[in-house]
Amino acid sequence: MKKFFITTPIYYINDVPHIGHTCTTVTADIVGRWHRQLGEEVFFLTGTDEHGQKVAEVAEKEGLSPKDYCDKIAPRFEEAWKSLDISFDFFIRTTDPRHEKVVAEVLQKIFNSGDVYKGKYEGYYCVGCEKFVTESELVDKHCPLHPPEQTEFKSEENWFFKLSKYVPEIIKLVEDDKTNYILPAGKRAEVLAKLKAGVNDVSLSREKVSWGIPLPWDKSQTVYVWFDALLNYYSVTQFIESKSDFWPANLHLLGKEILWFHTVIWQAMLLSADLPLPLKTFTHSFYMIDGQKMSKSLGNVISPQQLIDLFGVDGSRYLIARSFPGENDGDVGMERFKEKYNADLANNLGNLVSRVCKLGEGLRIQNPSKSPFEERETFSKLIDELKLGEAMGWVFEKFIDKSNNRLNEVAPWKLEATDPKRIEVLTECVNNLRHAAFFLKPIMPETCRLVEKVLGEEIKPLEKPLFPRI
130 MKKFFITTPI YYINDVPHIG HTCTTVTADI VGRWHRQLGE EVFFLTGTDE HGQKVAEVAE
190 KEGLSPKDYC DKIAPRFEEA WKSLDISFDF FIRTTDPRHE KVVAEVLQKI FNSGDVYKGK
250 YEGYYCVGCE KFVTESELVD KHCPLHPPEQ TEFKSEENWF FKLSKYVPEI IKLVEDDKTN
310 YILPAGKRAE VLAKLKAGVN DVSLSREKVS WGIPLPWDKS QTVYVWFDAL LNYYSVTQFI
370 ESKSDFWPAN LHLLGKEILW FHTVIWQAML LSADLPLPLK TFTHSFYMID GQKMSKSLGN
430 VISPQQLIDL FGVDGSRYLI ARSFPGENDG DVGMERFKEK YNADLANNLG NLVSRVCKLG
490 EGLRIQNPSK SPFEERETFS KLIDELKLGE AMGWVFEKFI DKSNNRLNEV APWKLEATDP
550 KRIEVLTECV NNLRHAAFFL KPIMPETCRL VEKVLGEEIK PLEKPLFPRI
């Protein structure tokens, strides 16, 4: 059986889940479910990133030890994903001793390869990003993604990784269309430009951050949180025996703020440790909320539960996927979501299923001669390219809009129950909806199972609307 290994980032545990995390996780789930539907063996990994200075600081403010704080927050992510019907196969936490063991082993390999040396770091560090930043990345001497007080000037002795050594090989991989692993094209161009502008070696350890994994060759320092976090994708395939043949990953799904770590530093680490590289990374853009950046201070953060409370699980999954911010930032908001939900789900898909069930109750309709599996090429290509909005647009245009138009054109409610024309149009609509359910099942699994049930061999009544109008 063909294997498919997909990952989300492991989410940093200094905060609770929001719509940004939700976007990445729902998208990964849709891709994973589609590959399962194609008959592949899928391994879908998500989890939490739990070490580093930021976690220690937040824990201290709450009067907790870092581990107790992590134990309090990690379940919030796991529960959020379960509430959204996310079909992950494993939830990894970087405080898992099995992960920590693999991190030490891989870093020792990198050390043994001669790619580590001791040096002094002096420069700016963003606590919010948990990363060292260059002056060119700063705006008014602070990280543009976080408040000014989170950007600190640091001077410490660290162990460094020879990132610069691997830049020529990474450039070669990215420029060759056969080995390029960076999607979409705009992100590929961004990474190449930065690589060609010159790359410095990076700090691999922290001198004064105790909340982390000790370096195997120098217990006085801890592993820099990013080197620890990136290794989760590989480590899980080493400590779960049944997953040992899933590496390398087929797809890392990312947000754009972690593009560089996953497309350059991660690849260089794997090259240094002589491990296979992931096959593809897809880096999506950000959600803007009503034209503004999402922030707690503005009070415009949208949580997964807020979406579920208003739109239900499948409605929330649909809205997230339909607005997926691929190449460019996407502008969303609760009012926009309401409009889209009513237009696409309540008035269109939901109303169509309701009409067909009412008009055709008791009719026995055979499956069409052509199965939806034979028509998967366009949809599958769009899913593989992470063009989720286009994929759903294709389903709606080909099967749902077409059926609504045919109903309005023929007006079967004006015809006798036995009229061949009435039976013909209802047969056409039922088979279109069966096809639509096949394609939309990775996006709205529960809804599509219900559609398949009521539009089985015999049309059954719909007990309540699929998507009550808001």
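So the mapping is simple: the working numbering equals the position in the sequence shown, first residue as 1, plus 129. Virtual Cβ for every residue (Gly too), placed ideally from N, Cα, C. Because the structure is a prediction, the values reported are computed rather than measured.
Subject >> Bridge partners - Lys-249, DSSP secondary structure assignment >> reply: Glu-286
**OP:** Report whether the distance from the Cβ of Pro-345 to the nearest heavy atom of the ligand COA is below 7 Å.
**Re:** This structure lacks the ligand COA, and indeed carries no ligand of any kind.
Original post:
Quick one: what does DSSP say Gln-350 is sitting in, helix, strand or coil?
Top reply: strand
**OP:** Give every residue of the same chain whose Cβ lies closer than 8 Å to the Cβ of Gln-182, excluding the five residues on either side of it in the sequence, and list them in chain order.
**Re:** Val-256, Glu-259, Arg-335, Val-338, Trp-340, Val-354
Subject >> Distance between beta carbons of Gly-149 and Tyr-470, contact taken as under 8 Å >> reply: Not confirmed; about 20 Å, so no contact.
Subject >> Residue(s) in a DSSP beta bridge with Phe-220 >> reply: Thr-175
**OP:** Report back the beta-carbon spacing between Val-232 and Ile-342 to the nearest angstrom; my notes put them in contact at under 8 Å.
**Re:** 5 Å
Original post:
Are the region 217–227 and the region 188–208 touching by the rule of at least three beta carbon pairs closer than 8 Å?
Top reply: In short, these stretches touch, since the Cβ pair count reaches three.
**OP:** Answer yes if the region 211–220 comes into contact with the region 290–306, meaning at least three C-beta pairs across the two stretches below 8 Å, and no otherwise.
**Re:** no
**OP:** Determine the closest residue to Tyr-362 out of Gly-327, Thr-410, Gln-350, with distance taken between C-alpha atoms.
**Re:** Thr-410
**OP:** Out of Phe-528, Leu-584, Gly-522, Phe-440, state which residue places its alpha-carbon closest to the alpha-carbon of Ser-483.
**Re:** Leu-584
Original post:
In terms of residue numbering, what span does the beta strand (DSSP E) encompassing Pro-138 cover?
Top reply: 132–141
Original post:
For Arg-598, does the three-state DSSP call read helix, strand or coil?
Top reply: coil
**OP:** Could you please give the first and the last residue of the uninterrupted beta strand (DSSP E) stretch that includes Leu-492?
**Re:** Run containing Leu-492: none; DSSP gives neither H nor E here.
Original post:
Is Val-268 buried or exposed, if buried means 16 or more other CB atoms sit within 10 Å of its CB?
Top reply: exposed
**OP:** To the nearest angstrom, report how far apart Gln-495 and Asn-379 are at their CA atoms.
**Re:** 38 Å
Original post:
What do you reckon, are the CB atoms on Leu-562 and Val-485 nearer than 8 Å?
Top reply: yes
**OP:** Express the C-alpha separation of His-391 and Leu-478 in angstroms, rounding to a whole number.
**Re:** 39 Å
Subject >> Cross-strand partners of Leu-312 (DSSP beta bridge) >> reply: Answer by DSSP bridge pairing, in chain order: Phe-411.
Original post:
Terminal residues of the continuous alpha helix (DSSP H) containing Asp-460?
Top reply: That residue, Asp-460, is in no alpha helix (DSSP H); its beta strand (DSSP E) goes 459–461.
Original post:
Hey, quick one: how far does the alpha helix (DSSP H) through Leu-536 stretch, first residue to last?
Top reply: 531–539
Original post:
Where does the unbroken alpha helix (DSSP H) through Met-398 begin, and where does it stop?
Top reply: 395–401
Subject >> Buried versus exposed, by CB contacts within 10 Å (16 or more), Gln-350 >> reply: buried
Subject >> Euclidean distance between Cα positions of Trp-70 and Asn-429 >> reply: Within the shown structure, residues of the chain are numbered from 130 to 599, placing residue 70 beyond reach of any answer.
Original post:
In whole angstroms, what separates the C-alpha of Cys-280 from that of Cys-558?
Top reply: The sequence given here has Thr at residue 280, not Cys. So the alpha carbons of these two residues sit roughly 59 Å apart.
**OP:** Could you check how far apart the C-beta atoms of Val-262 and Tyr-254 are, in whole angstroms? I think they sit under 8 Å.
**Re:** 7 Å
Original post:
From what residue to what residue does the beta strand (DSSP E) around Ile-418 run?
Top reply: 416–418
Original post:
Excluding five sequence neighbours on each side, which residues of the same chain lie with their C-beta closer than 6 Å to the C-beta of Phe-133?
Top reply: His-164, Glu-169, Val-171, Asn-379
Original post:
Between Pro-497 and the rest of its own chain, which residues show a CB-CB distance below 6 Å, the 5 nearest in sequence each way excluded?
Top reply: Asn-560
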